[in-house]
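Novice: Once you know that position 101 of the sequence shown is 101 in the UniProt record's numbering, the rest is easy, because the numbers rise by one and skip nothing.
From the three backbone atoms N, C-alpha and C, an ideal C-beta is built for every residue, glycine too.
Okay, handing you the structure first.
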Amino acid sequence: MIVGCQNCCEPDLFRAFEILNEDYIPGASTVQEYDDELDTCPKCRKQILINDYIILDKEDFISEATNFLANVISSNIKECQNCNWTIIPHEQQHGDSLNLKLVSNLVSEYELSPELEGVLYEKIYCSCGNRLNSDDPYVSEDDLNDWFGEEEIEFIINTFDISAQDTEDFITFLQHHPMLGLEHHVGRTILNKIKKESLKETEIFKKGSIFYRGRNRNKFERLVPFIEKELWHPPIGLPRQGRYNPPGVPYLYLANSINTVMNEINPSKNDVVDVGELVTLKEFKVFNSTLADIDIFASMENEHEHHAFSYEYIFTNFLSQCLAYCGFNGIAYKSVKSKEGLNLCLFNFTPDTDIEMKSIHTNVNVEYKEDPFGILPKSEIIEIEKKDPSLLF
1 MIVGCQNCCE
11 PDLFRAFEIL
21 NEDYIPGAST
31 VQEYDDELDT
41 CPKCRKQILI
51 NDYIILDKED
61 FISEATNFLA
71 NVISSNIKEC
81 QNCNWTIIPH
91 EQQHGDSLNL
101 KLVSNLVSEY
111 ELSPELEGVL
121 YEKIYCSCGN
131 RLNSDDPYVS
141 EDDLNDWFGE
151 EEIEFIINTF
161 DISAQDTEDF
171 ITFLQHHPML
181 GLEHHVGRTI
191 LNKIKKESLK
201 ETEIFKKGSI
211 FYRGRNRNKF
221 ERLVPFIEKE
231 LWHPPIGLPR
241 QGRYNPPGVP
251 YLYLANSINT
261 VMNEINPSKN
271 DVVDVGELVT
281 LKEFKVFNST
291 LADIDIFASM
301 ENEHEHHAFS
311 YEYIFTNFLS
321 QCLAYCGFNG
331 IAYKSVKSKE
341 GLNLCLFNFT
351 PDTDIEMKSI
361 HTNVNVEYKE
371 DPFGILPKSE
381 IIEIEKKDPS
391 LLF
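Have a look at this one:
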């Protein structure tokens, strides 16, 4: 017995399937399937066509249709507040919780009645098995790929010859246990391959190589340039987490030119930039990610814009620690802000023994068309006299 058609029996559900661009509507039958001579709905008396839908059992229709929609919605939910240890807690603690996606955002797209939404919410689950309410936050698979980087996963697969499934398992393991990477077999595989020195990305940077490190200051708050000590990395215990360094561990972020430094720092109109020029005093063994099939590493880290712990750097922190443990001196990577720019994250070095600062380029970005009294700050190069390294720190 026909209890209605797509025009009179839960039309909201039919509109939801139109939004999905889905031809198959579970729990409903086409006129052609039921009786190809039927041309009018016996319930609402509206004309119906051969491919229109009729309902024979309303409860079955609502149950099957909402099951289908709930599965579609649930497929967009990769992790929820119950199982996500990265994006959701990070945003809640350090960002703006209003930026989080809510399950209600997914449901509201279908413009269902409150009654049907209530039925639907009873059937929406995260992949972890947790049933979700309208105000529960969630993250999608794309969100996680953006957070850790889809290219990061491809990098691990290609560089260390590890399967996609094992790589994803390892990334998930690091999310939950960021300091225990070597307890996972993929972590041990990565370390062992680095130990065997079989990576094509290994490169030796020659003694006498020149690199630069810059720092900006507000011209109204500080008039004098930075001195040498201030242009080195902060001491152990002070640095925030960077792309390669864990919290509290000082790594030295350098660039291959002053132009690259300026593009990386991107000073405001009130900022003045001082740049230290450094020269290597020995050969450096470096992991050059520009030689990898996929260069996952972006521009030189701005060390002042991150919270004490950021989950998006879990793998690169792990990789740098493995490289440092195996005797590497740094990681080289492309700058995304300078076309010809190359950045170097340096570790396993001693200032003034392995690398020294030879000069400071002050007020690099300062230009004045007129200075009749000669009192305005100007760009100049200050040569540094060699001194006892113990005096630097």
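Between the Cα of Ile360 and the Cα atoms of Gly214, Glu79, Asp271, Cys126, which residue gives the shortest distance?
Specialist: Residue Gly214 is the option with its Cα nearest to Ile360.
Novice: Short of 7 Å in beta carbon distance, which residues of its chain neighbour Glu117, apart from the five on each side in sequence? Order them along the chain.
Specialist: Cβ within range, chain order: Val107.
Novice: Check the C-beta distance from Leu132 over to Cys80 and give it rounded, since I have them as a contact under 8 Å.
Specialist: That pair is a contact at about 6 Å.
Novice: Please identify the residue among Asp35, Gly27, Asp354, Glu37 whose C-alpha is closest to the C-alpha of Gly208.
Specialist: Gly208 has its Cα closest to that of Asp354, out of Asp35, Gly27, Asp354, Glu37.
Novice: Who are the Cβ neighbours of Leu323 in its own chain at under 7 Å, not counting the five residues just before and after it?
Specialist: Answer for Leu323: Ile194, Phe287, Ile331, listed in chain order.
Novice: With DSSP collapsed to three states, give me the class of His361.
Specialist: If DSSP states are grouped into helix, strand and coil, His361 belongs with the strands.
Novice: Pull the bridge partners of Val139 from the DSSP assignment, please.
Specialist: Its beta-bridge partners are Glu79.
Novice: Buried or exposed, going by whether 16 or more other CB atoms sit within 10 Å of the CB of Glu301?
Specialist: Per-residue confidence for Glu301 stands at a pLDDT of 42, beneath the threshold of 50, marking its modelled position as unreliable; no derived number is given.
Novice: Exposed or buried, Ser335, counting other C-beta atoms within 10 Å across all chains shown (16 or more means buried)?
Specialist: Flag for Ser335 reads buried.
Novice: So, helix, strand or coil for Glu201, using DSSP?
Specialist: Glu201: coil per DSSP, three-state reduction.
Novice: Does the Cβ-Cβ distance between Ser48 and Asp39 come in under 8 Å?
Specialist: The amino acid occupying residue 48 in the given sequence is Ile; Ser does not appear at that position. Yes.
Novice: Based on the DSSP secondary-structure assignment, which residues constitute the bridge partners of Gln47?
Specialist: According to DSSP, which records beta bridges pairwise, Gln47 is partnered with Thr40.
Novice: Given this structure, state the Cα-to-Cα distance separating Met262 from Asn365, to the nearest angstrom.
Specialist: Cα-Cα distance, rounded: 8 Å.
Novice: Ordered along the chain, which non-local residues of its own chain (more than five positions away) have a Cβ less than 6 Å from that of Phe160?
Specialist: Here the set comprises Ile190, Lys193.
Novice: With three or more beta-carbon pairs closer than 8 Å as the criterion, would you say the stretch 264–272 touches the stretch 195–207?
Specialist: These segments do not touch.
Novice: For Ser113 and Pro267, I'd like the C-alpha separation in whole angstroms.
Specialist: Answer to the nearest angstrom: the Cα atoms are 52 Å apart.
Novice: Determine whether the beta carbon atoms of Tyr333 and Val275 lie at a separation below 8 Å.
Specialist: In this structure, Val275 does not lie closer than 8 Å to Tyr333 by Cβ.
Novice: DSSP state of Pro377, grouped into three classes?
Specialist: In the structure shown, Pro377 sits in coil (DSSP, three-state: anything other than H, G, I, E or B).
Novice: Whose CA, out of Ile384, Ser134, Gly327, Thr362, lies closest to the CA of Asp352?
Specialist: Of Ile384, Ser134, Gly327, Thr362, the residue nearest in Cα terms is Ile384.
Novice: Are Thr86 and Gln175 closer than 8 Å when you measure CB to CB?
Specialist: A contact, by the Cβ cut-off of 8 Å.
Novice: Asn266 by DSSP, collapsed to three states: which one?
Specialist: Asn266 falls in the coil class under three-state DSSP.
Novice: Please report the Cβ distance between Ile210 and Glu277, rounded to the nearest whole angstrom; I am assuming they are in contact, meaning their Cβ atoms lie under 8 Å.
Specialist: The pair is a contact, with the Cβ atoms about 7 Å apart (cut-off 8 Å).
Novice: With H, G and I counted as helix, E and B as strand and the rest as coil, what does DSSP make of Asp169?
Specialist: Correct three-state label for Asp169: helix.
Novice: Specify, as a first and last residue, the run of the alpha helix (DSSP H) that Glu230 falls within.
Specialist: 228–231 is the extent of the alpha helix (DSSP H) around Glu230.
Novice: As an exercise, report each continuous alpha helix (DSSP H) stretch of at least 4 residues that is fully enclosed by the stretch 69–134, in chain order.
Specialist: DSSP runs (the alpha helix (DSSP H)) wholly in the stretch 69–134: 87–94, 103–108, 114–121.
Novice: Does the Cβ of Ile236 have 16 or more other Cβ atoms within 10 Å, making it buried, or fewer, making it exposed?
Specialist: For Ile236, the pLDDT reaches just 47, beneath the cut-off of 50, and the residue's location in the model is therefore unreliable, leaving the point undetermined.
Novice: Check whether the Cβ of Lys229 lies closer than 7 Å to any heavy atom of the ligand SAM, and answer yes or no.
Specialist: Absent from the structure shown: the ligand SAM. Ligands present: none.
Novice: Please classify Ser320: is it buried, with 16 or more other beta-carbons within 10 angstroms of its beta-carbon, or exposed?
Specialist: Ser320 comes out buried.
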